[in-house]
Structures are given as C-alpha cells and as structure tokens.
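Data block below; observations after.
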Amino acid sequence: MKLEDKKQVLRKMVLARRFEERCYQAYIERKIGGFLHLYPGQEACAFGVMEAARPGHDYVITGYRDHVHAILCGADPKAVMAELYGKETGCSKGRGGSMHIFDAPNRFMGGYALVGGPFPLAAGMGKAIQLKGGDEIAICFLGDAANNQGAFHETMNMAALWKLPVLFVCENNLYGIGTAIDRSTSVTDQYKRMCAYNIEANQVDGQDIDVVYDAARKAVDHVRSGKGPYFLELMTYRYRGHSMSDSRGYRTREEEEHWKKRDPIFILRDRLIEAGQITMDEFTAMEKEIDNYIENEVVKFAEESPEPNVADLEKYVLAD
Amino acid sequence: MAEIMFWEAVLRAHDEEMARDPLVICMGEDIGVAGGTYKATKGLYEKYGEKRVMDTPISEGGFTGLAVGAGFLGVRPIVEIMSVNFAWLAMDQLFNSAAKVRYMSGGQLEAPIVVRSPGGCAHQLGAQHSARMEKVFMGIAGLRVVTPSNPRQAYGLLKSAIRSNDPVFINEHELMYNMKGEVPDEEYFLPLEGSEVARPGSDITLFGYNVSVHWCLQAAEILNKQHGINAEVVDLYSLAPLDRAGIKKSVAKTHRALIAEEAEAPVGVGSEVMAIINEECFFELDAAPVRVSAKNVPIPYNHTLEKAAVPSAKDIVQAVLKMFGKA
Ligand SMILES: Cc1ncc(C[n+]2csc(CCOP(=O)(O)OP(=O)(O)O)c2C)c(N)n1
Ligand SMILES: [Mg+2]
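Protein sequence lines correspond, in order, to chains A and B. Counted from 1, the first sequence has number 33 at position 34 by numbering that gives the first Met the number 0; the numbering is strictly sequential. Counted from 1, the second sequence has number 70 at position 71 by numbering that gives the first Met the number 0; the numbering is strictly sequential.
Next comes the structure, spelled out in structure tokens:
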C-alpha cells in the first residue's frame, strides 16, 4: 500500500469506527431497533482485504455484522444509517435492517442473518462469474463460528472441486456470541481445516492492516488468476458485545485490554505519524471533522428521511 | 401435437431453454453423466457440457444455495433435488435466502431459480422416501409453487418457471414420469398462476393437483356412470399462489366442493382451498366442503398399510356419495 493511500484508509477507518459508535448511541436512544452487531476492533480485516480487492467490481457478501463491509464496497453511509433507522431512503428501503444491508449497484450482495448461509451463495456467485467469463471475484466475509455449519463444508468442497473464484475471509474474533472458540471447535486454527478440501489457506494478524493487506494481495491474486478458492484467516477481536444485549461476562477485562493495545486504527495512525505523514493534531482534527459529518449529514439524513409507506408493504415479495 | 412422456416433456423444456440462453444451467445429483434418476436431463451433459450440466455432490443445502447465489448474477439455474424428502436439507437456502432476498434487499436482488423435485408415494419406498411436501413450500412468501399433472403442464410450467424472475418450486411425482400425454409441437408456456378445468361438470367440484387430479377424473367417471352425478374436476396446478378466482368460479357453478390431496390433511392444500371457499363463496355452498387426504402417519412400508394411508378414486367417490346422502 502506498503511503498516500494509507492516509485515505486511515480516514475511512476512523469513519467506520465513529459510524459504528454512533449506531450504538442511536440504539440506546431506541432510534435503531432489532439486533445490532458492531464492528469496532475488527476494522483492519475488511479494510485490508478490500484495499487489495476491487470494491464495486468484486462481489462481496457477509453475515449480520455488515455495515462497514457495505460502506467499503461503496454504499453511502447515509443510506446505511437510514436503513438502520428503517427509512424508505435506506439502502434496503427499510425492509432489511441492520443485518440485511444490500447495495447491488456497488456489488455488495448483502448481509445475511443465518450463520453460514452466505457460504454457498458466495460459491454461486463464483460459479456465475466463471460462466460469464468476467475477472471479478466473490469475497465472503464470515466469522470463525460459522465454520461449524454444514454449509461451510459443503461449500468448501464444491468451491475446490469446481475451482470457483471465491475468497473466503474468516474474521476469527475468538468467539461465537459468548462461546470461546476452543469450547466450540475442535481445530481452533481455522486455516488448518482447509487441507481437508485442498484449498490454499493462510492465517495472519488481523489487527495490522499492512499485514492483512499483504496477505490479501496474495489471496486476491490467487483467486483472480483462476487458481480457485482461497481461505484467509484473520486473527482479530471485537471490542463490544456480540450484539447489544451482551454484557461480555464470558471474557475477562484483561483480555479485552490486551487486544485494545493492538487497536487497528492506532497501529496505522502511529505508523503514519512515524513516517511523517500525519500529526497527532491532524488526526484529532480529522476525528472531529468525521464526527461532524456523521452528525450533520449521516444521522440528520436518517432522522429526516420518510418512513416507508404502509401501502407498499407487499411490494418486493415477487417480481412484478 | 405429439404424445410424449412426462420426463420427455421436462427434458424438452430444459433443452429448449438451455439452447436459447447460455445462462440457463442445470444441476443436481446424477443428472449429468448418469442422465438423471428419472431421465429428465438425459443427453444434456453431452450436449451442453459439464459447466452447464453439473453433477453435484450430495449437498442439497450447499448446491441449492450455490444456485441462489448464481441467480443473483443473472444465471438461471434449474436445480433437481432427487426426491423431495431430501429437499428438507435445502430448506434453509430456499426459505431464508431465495424467498426473502428480493424483499429484504428492497427489490435489489432476486433469485430466479427453479427447483424441481419428485415427491409422493411410489411403491413401498418407506417413510423417508414418500414425503409430500408441497404444503410446506406453499406457505412461504416469496416462493412460487406449481405442480404439473400431465406432460403438457410439466413442459409449459417449466418453460415459464425458467423465464420467471422469482424462485419457483416444481413439485413433480415419482410415479408420473412415464405417463404419456399430448404436448403442443410449438413452444408453449403455461402461466405460473391459475388453474384448469380438467373435466367440466355441474353437480360438484372435485379439486385436485398433481396425482390427485387423476383420482378425481377417475372418480368423476364412476360418479357419472354409476350414480348420475356430474362432477367438475379442477386442476390446481398452481399452489402458490392458489387461483382464488378459479376456485370461486367453479364453486359458484356447482355449489359443492371436495378437495383431494395425496398429503396428510393438517395445514395442507385442502385446508387452504377450504379457507378460500369460505372467504370467497360461502353463500354459494349447498353443503359443507370435504377433504379427502392421506392419513396423518409416516408412510408405512407394508403394501396394504401404504395403500390404506393414501387416498384413491374410491375414497373420493365414497365422500361424494356421502355428501349427496347416497352412502
Ligand atoms: C443458523 C443460525 N444459528 C444460530 C444463530 C445465532 N447466532 C448469531 S451470530 C452467532 C455466532 C456466530 O459467530 P461467528 O461466526 O464467529 O461470527 P461473529 O459474530 O463472531 O463475527 C450465533 C450463534 C444464527 N443467527 N443462525
Ligand atoms: Mg466469531
């Protein structure tokens, strides 16, 4: 990654972090309903991979922790926030909600709530790319615990068998809700499971965007060059609870502090400060500016947008 | 108009659509090199190759989901699930992904897939190979369900299903693949919504679908010849949505209704048709509608027990005579 690009990435990472923190607040204020799964702590994963991929060109699919992935593909933060508010201007017209953000024009093919559900959907997109002969790839971001679903194994077998152009990114944050990985999963290193399917795999630090980026470059090149699927495991951590109702009683505060010392945004920030690309003051000013943008544009847009019309309740069930 | 077998009609629809559109593909267990359990894809592998005629692993959930994902990008997959009993494993992808994606994306994505699968009771296949699952599928918003009773419908419905932008489940029957019937020589599409009058009549409407249409037709002959009752038979080839107007029209004419279904009665096609009759034409009725359904048991292996579990034309005749006070 070029230094100049990194500055842009840092800015967008801060935006992603502040966006999610603002969602937290809006949830407390009951502006956002349903389940809300936030991304802080894991930013380097999606950013590193998407920096190596081609957002808007490659097809991306993920689970319910999907706001940041959508924005990274090109979704307007205003439309994402409006979706969380259930508004007609939301990117899924208020019909989806937090777990179902969609932005088809930017090839963000959705957030899905069934753990493991997107695996075969990603393989199918790979199949379609293969049939149509494009140079896109499909990227599937999911968690560690999703790998214990049957769909995972069925998909890996098919993806390898048919050499589908799919990059599977496993964001291993060590927990599936409140169950630690070693309490749910016999083989805790997820990349090792790929030898069962003859799929190339790697495991790297998911907190350092430079490390993620380098690994993702190799992975993306592999997939785009027609060599078949790739499995990239990123070791990471989510700061907040699984969703909003989670008081994190299953893990220690020491463990949390340990991971926060390796914050993906601070790692990148400090590296850029050291390289003389940015000063601490500039960083603080940037944070402020982003907060203003989120407040005065993103949240304002969501607040002021209209509700969907009840008369349209039965729209979008079937094709017209 | 040529007489062809049911499987040949299904095959012809595949072949024509695959020849027309390179994005129409088919997939399933043993459909390619082996030619399909019921021959419905015979010869396609040789003609279109392994990229478009995919022999899948035994991963019903996986390959159905794969079809849905391919559908997002404009591919039109025709999925064969070897038997509806195995379709339970694909339910998650069909219900949670295919049926809901248009809605939850606010109309941005769609899953134009076709899933065909034979169900029903064949010859002593036992409890795990005799399921009738149409009633499970027809209650899911966002999914279309059709069920052909003859080769013409099989051809015309599959043609329409492939062109449809909605996910369509086609409920076929294990016993019907060798049934012969006339299919138009020219290209033919049967709309995915509607019903057909299979036999006009005036005294009672016998509603059937798929195999039970044939029981109704047999029963109507017996009723006419032996009991002087002129029954109308309505073929409900579309189960989701059901043809409310067609149901109403026939009941308004005959003033009596019987629904014959191969499946168990609870939460079934019969219950749904009865509800529609109640809602649409209650005051047209001269008698309470009845259902002729399977017994509410897992289908037994024993030949006699199996026969006793599933209804027949005789049961329909009995039920009609009872309704007319003749039994
Ligand atoms: C099929 C299914 N089972 C259970 C759940 C409930 N559930 C939601 S998220 C989750 C844990 C998933 O953990 P992981 O895959 O590691 O993703 P993370 O949330 O850690 O990013 C569970 C059990 C679900 N949504 N879907
Ligand atoms: Mg996890």
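In this text, a Cβ means the ideal position worked out from N, Cα and C, and glycines have one as well. Source: prediction; values computed, not measured.
- Residue-level contact check: Met108(A) touches chain B, since one or more beta carbons of chain B fall below 8 angstroms from its beta carbon.
- At a beta-carbon threshold of 9 angstroms, the residues of chain A lying near Arg101(B) are Tyr315, Val316, Leu317, Ala318, ordered along the chain.
- Here the distance from the Cβ of Asn172(A) to the nearest heavy atom of ligand 2 is below 7 angstroms.
- Distance from the C-beta of Val114(A) to the nearest heavy atom of ligand 1 is below 7 angstroms.
- Of all alpha-carbon atoms in Glu220(B), Cys120(B), Val212(B), the one lying nearest the alpha-carbon of His172(B) is that of Cys120(B).
- Look at Ala145(A): its beta carbon is less than 7 angstroms from one of the heavy atoms in ligand 1.
- Distance check between Ala239(B) and each of His213(B), Pro76(B), Val145(B) places Val145(B) closest, using alpha-carbon atoms only.
- Per DSSP, the beta bridge partners of Asp102(A) are Phe107(A).
- In the three-state reduction of the DSSP assignment, Tyr208(B) falls in the coil class, being assigned neither a helical nor a strand state.
- Each of Tyr47(B), Leu43(B), Val83(B), Met90(B) was checked against the Cα of Thr63(B), and the nearest Cα belongs to Met90(B).
- Less than 8 angstroms separates the beta-carbon of Phe107(A) from that of Ala69(A).
- Of all residues in the segment 232 to 265 of chain B, none is placed with a Cβ closer than 7 angstroms to any Cβ belonging to chain A.
- In the three-state scheme derived from DSSP, where H, G and I count as helix and E and B as strand, His172(B) is classed as strand.
- Spanning the alpha carbons of Asp143(A) and Arg53(A) requires a straight line of approximately 24 angstroms.
- Close partners of Leu65(B) in chain A (Cβ separation under 7 angstroms): Pro119, Ala122, Gly123, Lys126, Met157.
- In the structure shown, Cys139(A) adopts extended strand secondary structure according to DSSP, grouped into three states.
- Between the segment 231 to 245 of chain A and the segment 163 to 170 of chain A there are three or more inter-stretch CB-CB distances shorter than 8 angstroms, so the stretches are counted as touching.
- Relative to ligand 2, the nearest heavy atom lies less than 7 angstroms away from the CB of Gly175(A).
- Contact check for Val319(B) against Ala153(B) fails: the beta carbons are separated by 8 angstroms or more.
- Taking a beta-carbon distance threshold of 8 angstroms, Lys77(A) does not count as an interface residue toward chain B.
- In the DSSP assignment, no residue is bridged to Arg29(A).
- Chain-ordered, the chain B residues with CB closer than 8 angstroms to the CB of Ser91(A) read Met103, Ser104, Gly105, Gln107.
- Using beta-carbon distances, Gly32(A) does not count as an interface residue toward chain B, since no partner is under 8 angstroms.
- Distance check between Tyr236(B) and each of Lys248(B), Leu157(B), Asn295(B) places Leu157(B) closest, using alpha-carbon atoms only.
- Annotation: Gly138(B) to Gly95(A) spans about 21 angstroms, alpha carbon to alpha carbon.
- Gly89(A) sits buried, since 16 or more C-beta atoms from the chains shown fall within 10 Å of its C-beta.
- From the listed residues Tyr58(A), Cys72(A), Leu83(A), the smallest Cα separation to Gln24(A) is found for Leu83(A).
- Put simply, the CB of Ser96(B) is near chain A, with a gap under 8 angstroms to one of its CB atoms.
- In the structure shown, Met12(A) adopts helical secondary structure according to DSSP, grouped into three states.
- Ala137(A) places its beta carbon 8 angstroms or farther from that of Gly115(A).
- Pairing Pro150(B) with Ala293(B) gives a Cβ-Cβ distance that is not under 8 angstroms.
- The contact set of Ile24(B) on chain A, defined by CB atoms closer than 9 angstroms, consists of Lys126, Leu130 in chain order.
- Taking the Cα of Val296(B) as reference, the smallest distance to any Cα among Leu284(B), Pro310(B), Asp285(B), Ala286(B) is reached at Pro310(B).
- For the set Glu59(B), Glu133(B), Ser163(B), Leu88(B), the Cα lying nearest the Cα of Gly267(B) is the one of Glu133(B).
- The beta carbon of Val167(B) is closer than 6 angstroms to those of Val113, Arg143, Ala160 in its chain, skipping five residues each way along the sequence.
- Ala69(B) reaches chain A at Gly123, Met124, Lys126, Ala127, Leu130, counting residues in chain order whose Cβ is nearer than 8 angstroms.
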